[in-house]
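Note that the sequence shown covers residues 1 to 330 in full-length UniProt numbering.
Beta carbons are placed, not taken as given, at the ideal position from N, Cα and C, and that holds for glycine.
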Amino acid sequence: MNWQGKKVLVTGAEGFIGSHLTERLVELGADVTALAQYNSFNNWGWIDTFDKKTKDSIKVVTGDIREYDGMKRIIKGQEVVLHLAALIAIPYSYLSPMAYVRTNIEGTTNVLEACREYDVEKIVHTSTSETYGTALYVPIDEKHPMQGQSPYSASKIGADKMAESYYKSFNMPIATLRPFNTYGPRQSARAVIPTIISQILAGKTEIKLGSLTPTRDFNFVKDTAEAFIKVAESEKTIGEVINAGSNYEITIGDTVKKIISIIGKDVKILCDDERLRPENSEVNRLWADNTKIKELTGWKPSYSIDKGLEETVEWIKNNMQYFKTDIYNV
Numbered sequence: 001m002n003w004q005g006k007k008v009l010v011t012g013a014e015g016f017i018g019s020h021l022t023e024r025l026v027e028l029g030a031d032v033t034a035l036a037q038y039n040s041f042n043n044w045g046w047i048d049t050f051d052k053k054t055k056d057s058i059k060v061v062t063g064d065i066r067e068y069d070g071m072k073r074i075i076k077g078q079e080v081v082l083h084l085a086a087l088i089a090i091p092y093s094y095l096s097p098m099a100y101v102r103t104n105i106e107g108t109t110n111v112l113e114a115c116r117e118y119d120v121e122k123i124v125h126t127s128t129s130e131t132y133g134t135a136l137y138v139p140i141d142e143k144h145p146m147q148g149q150s151p152y153s154a155s156k157i158g159a160d161k162m163a164e165s166y167y168k169s170f171n172m173p174i175a176t177l178r179p180f181n182t183y184g185p186r187q188s189a190r191a192v193i194p195t196i197i198s199q200i201l202a203g204k205t206e207i208k209l210g211s212l213t214p215t216r217d218f219n220f221v222k223d224t225a226e227a228f229i230k231v232a233e234s235e236k237t238i239g240e241v242i243n244a245g246s247n248y249e250i251t252i253g254d255t256v257k258k259i260i261s262i263i264g265k266d267v268k269i270l271c272d273d274e275r276l277r278p279e280n281s282e283v284n285r286l287w288a289d290n291t292k293i294k295e296l297t298g299w300k301p302s303y304s305i306d307k308g309l310e311e312t313v314e315w316i317k318n319n320m321q322y323f324k325t326d327i328y329n330v
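Right under this line is the structure:
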């Protein structure tokens with residue numbers, strides 16, 4: 001695929017991964033439409049922080065994937081749709097499960113149906129490693145069973161199955177990308193790595209976390225954005241579910257130690273019950289098998305965990321105004 005002049009819609013473009021992906025598409029010369037969720041403040045999320053040249057290079061539209069007519073209007077004329085818009089916070093899914101059904105399942109269906117109506121050339125649907133639940137075997141390949149261990153993961157399983165059904169029922173050119181634990185600049189404190197970093201940089205000598213024993217397969221956000229690009233480019237990915245992971249497993253506790261070493265401050269770790277998932281909902285182990293994405297697209301991560309954490313620490317250090325370290329970010 002030649003991105004130069006290609007009409008591309010990114011849903012969720014104002015968010016963490018979506019904003020990095022939007023910038024990368026601009027670098028590649030794509031004609032990018034960035035969908036941000038409508039709000040009365042006309043806030044475009046991270047798009048508001050783009051440099052003028054990048055911001056002037058994209059068309060920003062506001063809307064809501066839960067509203068089908070709006071999706072039809074926005075998707076008409078697009079050649080590629082990269083669908084990232086979703087509710088993603090696991091703790092909030094315990095409080096408002098139906099919001100996740102309406103956004104992640106119904107909203108995704110609206111996007112798929114509009115893409116079908118206008119014969120979009122390629123759709124990349126965003127999944128999550130949370131659909132696997134706690135690993136039944138490692139490393140986790142794409143054949144691993146899916147487990148709905150939270151309302152969030154259940155809603156994403158539903159969305160993934162809708163994408164699968166549109167490929168099988170209507171022969172649509174859909175690929176499902178399943179990123180493992182993405183981190184990096186612009187991630188909110190609802191995630192563990194920015195929670196750790198922001199609390200330490202705020203001068204706290206005791207930081208509050210949930211369980212330290214679960215393992216994760218962390219991926220730097222620029223690598224995740226590149227995975228979207230590679231999956232969109234390849235015809236071999238149509239009809240496939242594809243992991244994007246580092247194939248490197250680390251506990252939350254060892255991640256904390258790496259961050260403490262980078263920042264160079266002594267802190268005490270406190271277990272905060274509010275941050276613990278319900279016992280049967282905790283995903284205790286995630287470790288990606290990334291063989292398939294390498295074989296289909298040639299993608300492989302370029303950032304080590306140490307390099308990625310160093311860049312993340314530096315960014316948060318310069319952007320502490322975005323973090324409220326005295327409250328739990330659900």
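Note down, in chain order, each residue of its chain lying with its Cβ closer than 6 Å to the Cβ of residue i, except the 5 sequence neighbours on either side.
{"i": "I90", "result": "S150 and Y152"}
{"i": "K300", "result": "K294"}
{"i": "L25", "result": "V8 and V32"}
Where does residue i sit, in a helix, a strand or coil, going by DSSP?
{"i": "V80", "result": "strand"}
{"i": "T205", "result": "coil"}
{"i": "G5", "result": "coil"}
{"i": "G107", "result": "helix"}
{"i": "D254", "result": "helix"}
{"i": "F170", "result": "helix"}
{"i": "K143", "result": "coil"}
{"i": "G45", "result": "helix"}
{"i": "R24", "result": "helix"}
{"i": "V138", "result": "coil"}
{"i": "F218", "result": "strand"}
Compare the beta carbon distance of residue i and residue j with 8 Å and say whether it is the shorter of the two.
{"i": "T54", "j": "E79", "result": "no"}
{"i": "V124", "j": "V231", "result": "yes"}
{"i": "A85", "j": "I65", "result": "yes"}
{"i": "residue 335", "j": "I75", "result": "No statement about residue 335 is possible, as the shown extent of the chain runs from 1 to 330 and does not include it."}
{"i": "S129", "j": "F180", "result": "yes"}
{"i": "F50", "j": "S198", "result": "no"}
{"i": "I140", "j": "W287", "result": "yes"}
{"i": "G45", "j": "G15", "result": "yes"}
{"i": "Y183", "j": "G5", "result": "no"}
{"i": "W3", "j": "L28", "result": "yes"}
{"i": "I305", "j": "F170", "result": "no"}
{"i": "Y167", "j": "R116", "result": "no"}
{"i": "residue 333", "j": "F220", "result": "Nothing can be reported for residue 333, as the shown portion of the chain is limited to 1 through 330."}
{"i": "N318", "j": "A189", "result": "no"}
{"i": "P194", "j": "I238", "result": "no"}
Going by C-alpha distance, which of the options is nearest residue i?
{"i": "A30", "options": "L82, D64, G63 and K52", "result": "L82"}
{"i": "K222", "options": "I17, V10, G12 and M1", "result": "I17"}
{"i": "L276", "options": "A163, V192, P145 and E14", "result": "V192"}
{"i": "T131", "options": "F170, I200, R285 and S198", "result": "R285"}
{"i": "Y38", "options": "D326, A13 and A189", "result": "A13"}
{"i": "D266", "options": "I200, Q147 and G70", "result": "I200"}
{"i": "L35", "options": "Q147, K52 and K72", "result": "K72"}
{"i": "E320", "options": "V10, R186, A135 and E164", "result": "The amino acid occupying residue 320 in the given sequence is Met; Glu does not appear at that position. Nearest option by C-alpha distance: R186."}
{"i": "Y248", "options": "S188, L136, N290 and A163", "result": "N290"}
{"i": "I196", "options": "P145, I269 and E226", "result": "I269"}
{"i": "A227", "options": "E314, A175, N43 and P97", "result": "A175"}
{"i": "A163", "options": "E106, T215, F218 and I207", "result": "E106"}
{"i": "G133", "options": "R216, I229 and F170", "result": "R216"}
{"i": "N42", "options": "I229, T312 and G63", "result": "G63"}
{"i": "S127", "options": "K161, Y328, G70 and P194", "result": "K161"}
{"i": "I252", "options": "K122, C271 and G264", "result": "C271"}
For residue i, which residues in the same chain have their Cβ closer than 7 Å to its Cβ, ignoring the five residues on either side in sequence?
{"i": "A99", "result": "L87"}
{"i": "P145", "result": "L136"}
{"i": "A225", "result": "I17, H20, L21 and R24"}
Apart from the five residues on each side of it in sequence, which residues of its chain come closer than 8 Å, Cβ to Cβ, to residue i?
{"i": "P278", "result": "Y94"}
Taking one C-beta from the segment 256-264 and one from the segment 102-117 each time, how about it: are there three or more such pairs within less than 8 Å? Two segments are said to touch when three or more pairs of C-beta atoms, one from each, lie closer than 8 Å; by this definition the segment 256-264 does not touch the segment 102-117.
With a cut-off of 8 Å, do at least 3 Cβ pairs link the segment 232-242 to the segment 293-303? Yes: the two stretches touch, three or more of their Cβ pairs being nearer than 8 Å.
Three or more C-beta pairs below 8 Å linking the segment 208-219 and the segment 154-162: No, the segment 208-219 does not touch the segment 154-162.
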